[in-house]
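Reviewing the structure listed below.
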Amino acid sequence: MLLVSLKGWRAQRKAASYFKTYNSAERIESMMKKIYVAEYKGMYKIGVSVNTERRMKQLSCGCPGIVCIYESPFLDKFYQVEHKLHNIFKSYCIGGEWFSKVDFQIIENTVRIEGSA
Numbered sequence: 012m013l014l015v016s017l018k019g020w021r022a023q024r025k026a027a028s029y030f031k032t033y034n035s036a037e038r039i040e041s042m043m044k045k046i047y048v049a050e051y052k053g054m055y056k057i058g059v060s061v062n063t064e065r066r067m068k069q070l071s072c073g074c075p076g077i078v079c080i081y082e083s084p085f086l087d088k089f090y091q092v093e094h095k096l097h098n099i100f101k102s103y104c105i106g107g108e109w110f111s112k113v114d115f116q117i118i119e120n121t122v123r124i125e126g127s128a
């Protein structure tokens, strides 16, 4: 909800109550996501999500049996890390965010270095 104009005390009070509904940790966490690696029939998907369990349920509609095999902590630079990982493994890309091979040591190092930089 975005209030373009805060004219009057009612609008200001409504805006204040909106921000009070979430504590600062929840607001910060909502701006962060996790990197995940999912495996399905020897193929690997590198993606980002706030809730990887929910994301796996979404993906299982088209890929029954898909499993999350790596999940990072919450990162504020999640898109940069995801983009870097896609570039690192681009020679193994089989379409979109799917790869035929990944190296988990490289993934962990990239998340640690790029995600906290």
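First residue of the sequence shown? That's 12 in my numbering, and the numbers climb one at a time after it. Ideal placement from N, C-alpha and C gives every residue a C-beta, glycine not left out. Model, not experiment: these values are computed from the prediction.
Which of helix, strand or coil DSSP assigns to residue i
| i | result |
| --- | --- |
| LYS95 | helix |
| ILE57 | strand |
| LYS101 | helix |
| PHE110 | strand |
| VAL45 | First, the amino acid is wrong: residue 45 is Lys here, not Val. Looking at LYS45 - three-state DSSP - the assignment turns out to be strand. |
Residue range of the unbroken alpha helix (DSSP H) whose run includes residue i
| i | result |
| --- | --- |
| MET67 | 63-70 |
| ILE118 | 115-127 |
Spatially closest choice to residue i from the options, by CA coordinates
| i | options | result |
| --- | --- | --- |
| MET54 | ASN120, GLU119, GLN91, GLY106 | GLY106 |
| PHE115 | LYS101, TRP109, LEU96 | LEU96 |
| ARG65 | MET43, GLY126, CYS79 | CYS79 |
| SER71 | ALA49, VAL113, TYR90 | ALA49 |
| TYR81 | ILE46, THR121, MET42 | ILE46 |
| SER83 | TYR51, GLN69, VAL59, SER111 | VAL59 |
| THR63 | CYS104, PHE85, PRO75 | PHE85 |
Continuous beta strand (DSSP E) stretch holding residue i: start and end
| i | result |
| --- | --- |
| CYS79 | 78-82 |
| LYS88 | LYS88 -> no beta strand (DSSP E), and no H or E assigned at all. |
Residues of its chain near residue i, where Cβ-Cβ distance is below 6 Å and the 5 sequence neighbours each way are ignored
| i | result |
| --- | --- |
| ASP87 | MET43 |
| TYR51 | CYS74, ILE77 |
| GLU108 | LYS56, ILE57, GLY58 |
Own chain residues within Cβ distance below 8 Å of residue i, not counting five before or after
| i | result |
| --- | --- |
| GLU125 | LYS88, GLN91, VAL92, LYS95 |
| PHE110 | MET54, TYR55, LYS56, ILE57, PHE100, TYR103, CYS104 |
| THR121 | VAL92, LYS95, LEU96, ILE99 |
Cut-off 7 Å between Cβ atoms - residues of its own chain near residue i, not counting five sequence neighbours on either side
| i | result |
| --- | --- |
| ILE117 | ILE99 |
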